[in-house]
Amino acid sequence: MTSYAYRKFKNRLFLALSLGCVIIAAVPLLSILIEVILKGAPELSIKLLTQPWGVIGSSDAGGLGPSIQGTLILIGLTSLICMPLGVISGIFLAEHGNNKFATAYASWMRIFNNALTGVPSIVVGITVFAVVVLTLGHYSPIAGAVALSFIAIPIVARTTEESLKLVPNSVREASLALGVRNWRTTVSVVLPDARKGVVTGALLATARIAGETAPLLMTILGSQYFFQGFSQPMDALPLRIYRDAFLPYSNFQAQAWGAALILILIVLGLNIGLRVASSGKLGK
Amino acid sequence: MGSLESENAEMKENTDGAKTSNEPNSEEAGEKIQTVNLSAWFATKQALKNINLSVKANAVTAIIGPSGCGKSTLVRCLNRMHELVPGSSYSGKVLLDRQDIYSKEVDPVLIRRRVGMVFQKPNPFPTMSIYDNVAAGLRLTGLKKGKKLDDVVRHSLEQATLWDEVRDDLKKPGTSISGGQQQRLCIARAIALQPEVILMDEPCSALDPAATAKIEQLIVTLKENYTVVVVTHNMQQAARVSDFTAFLYVGELIEYGSTWGIFENPKNELTEKYITGRFG
Chain X
25 MTSYAYRKFK NRLFLALSLG CVIIAAVPLL SILIEVILKG APELSIKLLT QPWGVIGSSD
85 AGGLGPSIQG TLILIGLTSL ICMPLGVISG IFLAEHGNNK FATAYASWMR IFNNALTGVP
145 SIVVGITVFA VVVLTLGHYS PIAGAVALSF IAIPIVARTT EESLKLVPNS VREASLALGV
205 RNWRTTVSVV LPDARKGVVT GALLATARIA GETAPLLMTI LGSQYFFQGF SQPMDALPLR
265 IYRDAFLPYS NFQAQAWGAA LILILIVLGL NIGLRVASSG KLGK
Chain H
1478 MGSLESENAE MKENTDGAKT SNEPNSEEAG EKIQTVNLSA WFATKQALKN INLSVKANAV
1538 TAIIGPSGCG KSTLVRCLNR MHELVPGSSY SGKVLLDRQD IYSKEVDPVL IRRRVGMVFQ
1598 KPNPFPTMSI YDNVAAGLRL TGLKKGKKLD DVVRHSLEQA TLWDEVRDDL KKPGTSISGG
1658 QQQRLCIARA IALQPEVILM DEPCSALDPA ATAKIEQLIV TLKENYTVVV VTHNMQQAAR
1718 VSDFTAFLYV GELIEYGSTW GIFENPKNEL TEKYITGRFG
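So the protein sequences, as listed, match chains X and H.
The first sequence lines up with residues 25 to 308 when you count with my numbering.
The second sequence lines up with residues 1478 to 1757 when you count with my numbering.
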C-alpha cells in the first residue's frame, strides 16, 4: 500500500469509528424515545390533559391535569428563582475577577458550584425538607421550587460564565472606551452578545429540573387535586410517573407512559419556544 | 495595590533626574495632552519608560516605531484603558488640559468620554444595528435618548464620511458592512460622544489600500474639530496624515517633532535608521 492510500484508509477508519460511536450512543436514547412515543401516544386525549387522577383500582384512571399544572408551576417558580441568581452569579464569575479578592472569591465559588452539580438530588430534597418544609410546617410548591433551584443554579451560572467568556475582549473594550460604565457594558453589550449561550444554559437547566423526581418527593409530596395554594402539597409529572408505575393496575401504568410523553413534549415545546423568542432580528 | 504603589515610589526616585531635562514647556500654547515621566508595566515587564510628550490641539500626532515598542500602550495610557489589563501598572502623569487624568478624584469613565478611541480591528457591537452602534455611546452613558439621537447619528456618520453609503441601511447589523466601512462606523461611534481627543490605534492595519486611503482622508479632516493621535506601523501613512511625529523605540521616546522635521531631518541616528527602513 502506498503511503497516500494508507493515510486515506486511516482517515476512513477514523470516520467509521466516530460514526460507530455516535450510533452506539444514540441507540439507547432513540429506543427510549420510540418506546415512550409508541406507548404514550395512544394514551393522549383531552381527558388525560385536563382531568384529575382517578380512584386507585377503579377502571377509570382519570387524567394528568394536576400533574401538568404542577410541573408548569414548578418550572415557572424555579425559573423566577434560578434565572436571576444563576445569570448574575455567572456574570460575576466571568466579568469581575480582576482584583485579588474577587478572583479568590470567584475561584472558590466555582469549586462550590461544581460540587453542587454533583450532589445527588435526593440529598437536595432532604436538605430542603429540613430547612424549608419543617420551617414552614407543610409541603409546598415553594419548597419544591427551592429544591429545584439548588439543582438549576449551578447549571445556569456555569453556562452563563462560559458563554460570557466567549465574547471577544474587543467588544468589551469598545464599550469601555466610549466611557460606558462596567455594569452597563456587561448588561447592554456583553450579555446580548452571549445571549445564545445563556439561553442554552437556561434550557439545559429547565430540561433537567422538569424531569427531577427525588427532590419533589420530599418537598411537594404529590397530590390528586389541582393547585391548592402555595402552602399545600402539589403534584408534578415525574411524581405521577413514579406513583403510576408502581401501581398494579394496567390502566394506571399506561397513564404513566402518557405522562412521560407529555413531559418530553413540554420540555421540547419550551426549548423551541425559547429559541424562537430569543433569536432577535440581529441574531444569526 | 501595594505592589503598584511601591513600584510608583521606586519609579519616582529614578525618574527625578530625567524630569528636569525632559519635561516639556507647559506654558506653550495649544497643548491638549502632556505626558510627564509616564512609565507603564505589564506585570513586571516595562512597556514605557519616562515618556514626556506633548500633543498639540487640533493637530494630528503620529506615533511610529517597530512592533512591541509601546505605541499602543502609550495611547491606551492617554484614556486610561491601559489599567484595564490585569496586572498592569503605571507611574507618572498624563495631563489633559493641564489636569492630571490619573489623580485620585478623576473618574476614568468620564475621561474616556472626553478621549475617544478607535481600535486596530474594526469592532462594531455585533448585536447592534448601524444606527444603534453610533447611538451606543450616548445611550449607554445615559446622555441622550430617543428622537434626539437621530441628528447625532446622522451628523456623526456624515463626519465619518459614511452617511451616503449606509443612509438606507441604518437598521442592518453593524457587522454587515465591509471592513473599511466598519472602521468608519467605529470612528462615527467615537465622534458621536463629541470627544475632545480621538486616539487611533493602527486604524488601517486590517484594511485594504482603498479603505486605508478613505480613513487617511478622514483623519486629516477630523483635526479641524478634534485632537487626533494615531498609532501607525506605516511610515508613509504618518508622513501623509500627521503634523507631528513621535518615534518610539523599546518603550522610550527617541525623537519627537514636526513630521516634516522627523522625516526630512531626523536628529537621532535611530530615527534615521528606522525611517529609512534599515530596521523595524
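Note that CB positions come from ideal geometry on N, CA and C, so glycine has one too.
Here the structure is a predicted model, which is why all the values come from computation and not from measurement.
For the C-beta of Ala1716 of chain H, not a single chain X residue is nearer than 7 Å; the gap to the nearest is close to 27 Å. Exposed is the label assigned to Tyr28 of chain X, since fewer than 16 other Cβ atoms lie within 10 Å of its Cβ.
If you draw a straight line from the Cα of Leu68 of chain X to the Cα of Val291 of chain X, it is about 17 Å long. Excluding its 5 nearest sequence neighbours in each direction, Leu72 of chain X has C-beta neighbours in its own chain below 6 Å: Gly87, Leu88 and Gly282, listed in chain order. Neighbours of Val1586 of chain H across chain X, judged by C-beta separation under 9 Å: Leu200, Gly203, Val204, Arg205 and Asn206. Assignment of beta-bridge partners to Ala1517 of chain H by DSSP yields H:Leu1525 and H:Tyr1567. The alpha-carbon separation between Pro262 of chain X and Trp207 of chain X amounts to approximately 40 Å. Within the segment 143-193 of chain X, the runs of alpha helix (DSSP H) that reach at least 4 residues and sit entirely inside it are, in chain order, 145-152 and 165-189. Annotation for Phe251 of chain X: no beta strand (DSSP E) segment contains it, and DSSP assigns it neither H nor E.
Of all alpha-carbon atoms in H:Gln1671, H:Asn1711 and H:Lys1691, the one lying nearest the alpha-carbon of Asp1678 of chain H is that of H:Asn1711. With respect to Ala85 of chain X, Gln279 of chain X sits close: the two C-beta atoms are nearer than 8 Å. Neighbourhood of Met1677 of chain H in chain X, by CB distance below 7 Å: empty, with the nearest CB roughly 11 Å away. Below 8 Å, too few C-beta pairs join the segment 131-144 of chain X and the segment 209-219 of chain X to call them touching: fewer than three. The beta carbon of Val213 of chain X sits closer than 8 Å to some beta carbon of chain H. Leaving aside the five residues that flank Gln1660 of chain H on each side, the residues in its chain whose CB is nearer than 8 Å to its CB run, in chain order, Val1595, Pro1599, Pro1680, Cys1681, Ala1683, Leu1684, Ala1688 and Ile1692. When the Cα atoms are used, Gln1714 of chain H and Val1537 of chain H turn out to be separated by approximately 12 Å.
Nearest CB-CB separation between Glu186 of chain X and chain H: not below the 8 Å threshold. Excluding the 5 residues flanking it on each side, Tyr249 of chain X has same chain C-beta neighbours closer than 7 Å at Pro76 and Pro90, in chain order. Within the segment 78-90 of chain X, no residue places its CB atom closer than 7 Å to a CB of chain H.
Nearest C-alpha to Ile1578 of chain H among H:Lys1533, H:Ile1510 and H:Phe1519: H:Ile1510.
Distance check between Pro1601 of chain H and each of X:Lys189, X:Gly149 and X:Arg196 places X:Arg196 closest, using alpha-carbon atoms only.
Taking the CA atoms as reference points, Gly225 of chain X sits about 13 Å from Ser302 of chain X.
Cβ atoms of Met242 of chain X and Phe153 of chain X come within 8 Å of each other, at about 4 Å. Across the set X:Phe33, X:Leu200, X:Val148 and X:Ser194, the C-alpha of X:Leu200 shows the shortest separation from the C-alpha of Arg1591 of chain H.
Secondary-structure assignment with DSSP links Gly1593 of chain H through a beta bridge to H:Ile1675. Within the segment 210-242 of chain X, Ser212, Val213, Pro216 and Asp217 place their CB atoms closer than 7 Å to a CB of chain H, listed in sequence order. Straight-line spacing of the CA atoms in Arg232 of chain X and Ala176 of chain X works out to 8 Å. A straight line joining the alpha-carbon of Glu59 of chain X with that of Leu271 of chain X spans about 20 Å. As the crow flies, the alpha-carbon of Cys1663 of chain H is around 18 Å from that of Ser1549 of chain H. Annotated three-state conformation of Thr1512 of chain H is strand, per DSSP.
The segment 223-291 of chain X contains, as complete alpha helix (DSSP H) runs of 4+ residues, the segments 238-241 and 261-269 (chain order).
DSSP links Asp1577 of chain H through a beta bridge to H:Leu1572.
Listed as beta-bridge partners of Tyr1751 of chain H by DSSP are no residues whatsoever. Contact annotation for Lys1598 of chain H against chain X: Ser194 [CB-CB distance below 8 Å, chain order].
Counting C-beta atoms within 10 angstroms of its own C-beta, Asn35 of chain X has fewer than 16 neighbours from the protein chains shown and is therefore classed as exposed. The beta-bridge partner set that DSSP reports for Lys1700 of chain H is empty.
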